[in-house]
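Structure first, then comments.
2 protein chains.
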Amino acid sequence: MLSPYGLDIIESCLTCKMRAERLFCDLPTSALQAFESIKYATAYPKGAVLFVEGQAPRGIFVLCKGRVKLSICATDGKTLILKIAEPGEVLGLSATVSGKPYELTAETIDPCQVNFVKRDDFLRFLKDHADACFKVAEQLSEKYNNACHEVRALGLSHSAAEKLAKLLLEWSSRNGEAVKQEPRLKLALTHEEIAQMIGTSRETVTRLFADLKKRQIVQAKGSTLVIRNKQALKAMATNG
Amino acid sequence: MLSPYGLDIIESCLTCKMRAERLFCDLPTSALQAFESIKYATAYPKGAVLFVEGQAPRGIFVLCKGRVKLSICATDGKTLILKIAEPGEVLGLSATVSGKPYELTAETIDPCQVNFVKRDDFLRFLKDHADACFKVAEQLSEKYNNACHEVRALGLSHSAAEKLAKLLLEWSSRNGEAVKQEPRLKLALTHEEIAQMIGTSRETVTRLFADLKKRQIVQAKGSTLVIRNKQALKAMATNG
DNA sequence: CTGGTGGCGTGACGTTGGTCACAAAGGGTT
DNA sequence: AACCCTTTGTGACCAACGTCACGCCACCAG
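Protein sequences, first through last, are from chains Y and F.
With this note's numbering applied, the first sequence corresponds to residues 82 to 321, in that order.
With this note's numbering applied, the second sequence corresponds to residues 82 to 321, in that order.
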């Protein structure tokens, strides 16, 4: 079997092992078969751009493997990273449904496997499969929810420190690390990228991390970060 | 007929004159009849709270008359106004679909007429009416789109002036005033509320308006604002 | 008229954090 | 080793803006 960019291709959604765990993949077999017939399994190298904000919607991208960076950017080049999409996520969904331009830019940061579905095919699929349509509504609610959290973090924070603390706590809650006394997390992003996630400058992120380390709140072990004082971090995240 | 809070109640969605113009109201008669049977026509005075962020979703609120302020607020009381909802808008939709808590707070700023539908009834209605389900997906896309714009405005702006310029331009584009040489708009909000919309302080808004007037970019005529120099405003909105 | 209240205008001041500039530390390649 | 290139660390400087403080005006009730 061909295996571009070092990926093990998932051939069919019907036999996909991760099917049950994922919102959009978990559909009755009849719908999945229909989906199967309109999807294009594709693969991208690291750094590929799936779509750019402002572009007319070509269709949806179901992420099967790898991570994708979702960002918006200003005319002057300043960019804001909204989230790093993980496998199972559907990208370009809202633009495809509404017909408006993609509202953000999607760029792979790993080699990725993606199922692409053309807009026309997808809309027809939704008309025919009411249960899929409901799943889409659920997915969109999820996305809206995330966007609201983003708005809250950006709009109601008093300082960059507060936003960084929020981000670290959110990351640690991803993998269930949050319940532990001293959560650990892999810092897979550069300071520059972290800065773009919280809407501040690279230097500020560096300084904030230095400060957190000095105050014994976090500790770096290679590329993993140990949160030594969860309470202090939470206090920073809520009181600004 | 009873007419609480000085409203002329719209009795039935089937005979509603505004039906065609509005996304959610524009459904086939069969679906509308089903909707009719599960909705509760209600009325609220000015200042009533439809739901609070964090609350478990009780159902959706279709706004028929009046305006509703949608906001999120921080633990310290600082609030951010996301938008002022106009008639035709469906409130609490995403939370009702996903089952997660309402992500924002809805408070009437006029006497309002509202059609309320309980969550259970609404979900059953969606299962039965695929076309309604698709409408919901469209509505959610719309909301997501708005949220993305909000994120962009908040996260990628360099200054409060830029955000205010963006807001004024957006307001003027609502009523088709934007095409005119010198668009006019009603300032229905206080400086305090405008500040809460762009995430800044009341004093800053006052100062910004004073500056805009001094530079002949806008002009106040009573409670209406005339934009005298659209170009300058656009420049402020894009170049920060 | 008088007092109360809510919105607006404005000065002074201090902090935050963006920007520039450069140094240091890795990490990979030749 | 010498060389890149990327990432991180740090100091200096300054504009933006949040905050406090207060005065003014309009409106309304008694």
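Glycine included, each C-beta is placed from N, C-alpha and C at the ideal position.
For clarity, every value in this text was computed on a predicted model and none was experimentally measured.
Own chain residues within Cβ distance below 7 angstroms of residue i, not counting five before or after
i        : result
F/Arg200 : Pro138, Arg139, Gly140, Thr177
Y/Cys145 : Ile91, Pro168, Gln194, Val195, Asn196
Y/Arg309 : Glu263, Gln297, Ile298, Val299, Gln300
Y/His239 : Gly321
F/Ala242 : Leu289, Met317
F/Glu274 : Ile162
Y/Lys164 : Leu151, Asn227
F/Thr123 : Val195, Phe197
Y/Gly180 : Pro138
Y/Asp202 : Ile119
Y/Ala246 : Leu314, Met317, Ala318
Per-residue contacts from residue i into chain F (C-beta, under 8 angstroms)
i        : result
Y/Arg233 : Ile153, Ala155, Leu161
Y/Glu223 : Ser179
Y/Ala211 : Lys208, Ala211, Cys214
Y/Cys145 : By Cβ distance, chain F contributes nothing, its closest Cβ being about 22 angstroms from Y/Cys145, past 8 angstroms.
Proximal residues to residue i (C-beta, below 6 angstroms), its chain only, five neighbours per side dropped
i        : result
F/Thr186 : Val133, Glu134, Ser152
Y/Tyr121 : Phe197
F/Val130 : Glu188
Y/Ala259 : Ser253
F/Ser282 : Ala276
F/Tyr125 : Thr189, Cys193
F/Thr287 : His272
F/His210 : Ala112
Y/Val171 : Phe105, Ile141, Val143, Gln220
Interface partners of residue i on chain F, CB under 7 angstroms
i        : result
Y/Val217 : Ala218
Y/Thr319 : Thr156
Residues near residue i by beta carbon distance below 8 angstroms, same chain, minus five either side
i        : result
Y/Leu174 : Ile141, Val217, Gln220, Leu221, Lys224
F/Ala101 : For F/Ala101, the predicted structure reports a pLDDT of 46, less than 50, and the residue's modelled location is therefore unreliable. The matter cannot be settled from this model.
Y/Ala213 : Leu108, Ala112, Phe116, Phe206, Leu207
Y/Asn256 : Leu266
Y/Gln136 : Pro182, Tyr183
Y/Lys244 : Ala234, Leu235, Ser238, Ile279, Gly280, Thr281
Y/Asp292 : Ala242
F/Cys154 : Glu134, Thr160, Leu161, Thr186
F/Thr285 : Ala241, Ala276
Three-state secondary structure assigned by DSSP to residue i
i        : result
Y/Gln136 : coil
Y/Ala318 : helix
F/Leu113 : helix
Y/Ile119 : helix
F/Lys311 : helix
F/Met82  : Confidence is the limiting factor: at F/Met82 the pLDDT is only 45, short of 50, which leaves the residue's position unreliable, though a coordinate-based value still follows. Correct three-state label for F/Met82: coil.
Y/Lys127 : coil
F/Leu207 : helix
Cross-chain neighbours of residue i in chain Y, by beta carbon under 7 angstroms
i        : result
F/Gly236 : Leu161, Leu235, Gly280
F/Asn226 : Ser175, Ser179, Lys181, Glu184
F/Leu207 : Phe215
F/Ala166 : None at all; the shortest Cβ gap to chain Y is about 15 angstroms.
F/Ile193 : Note on residue identity: the sequence assigns Cys, not Ile, to residue 193 of chain F. Chain Y residues near F/Cys193: none, gap ~22 angstroms exceeds 7 angstroms.
Assumed close pair residue i, residue j - CB separation to whole angstroms, cut-off 8 angstroms
i        : j        : result
F/Thr160 : F/Gln277 : 5 angstroms
Y/Ser304 : Y/Leu268 : 6 angstroms
F/Val143 : F/Ala166 : No, F/Val143 and F/Ala166 are not in contact; Cβ-Cβ is about 11 angstroms, not under 8 angstroms.
Y/Leu314 : Y/Leu249 : 6 angstroms
Y/Gly280 : F/Gly236 : 5 angstroms
Y/Val232 : F/Ala228 : 6 angstroms
Can you check the region 144-186 of chain F for any beta strand (DSSP E) of at least 3 residues that lies completely inside it and give the ranges in chain order?
-> 149-154, 160-166
Runs of alpha helix (DSSP H) wholly within the region 216-296 of chain F (minimum 4 residues, chain order) | 241-255, 272-279, 283-295
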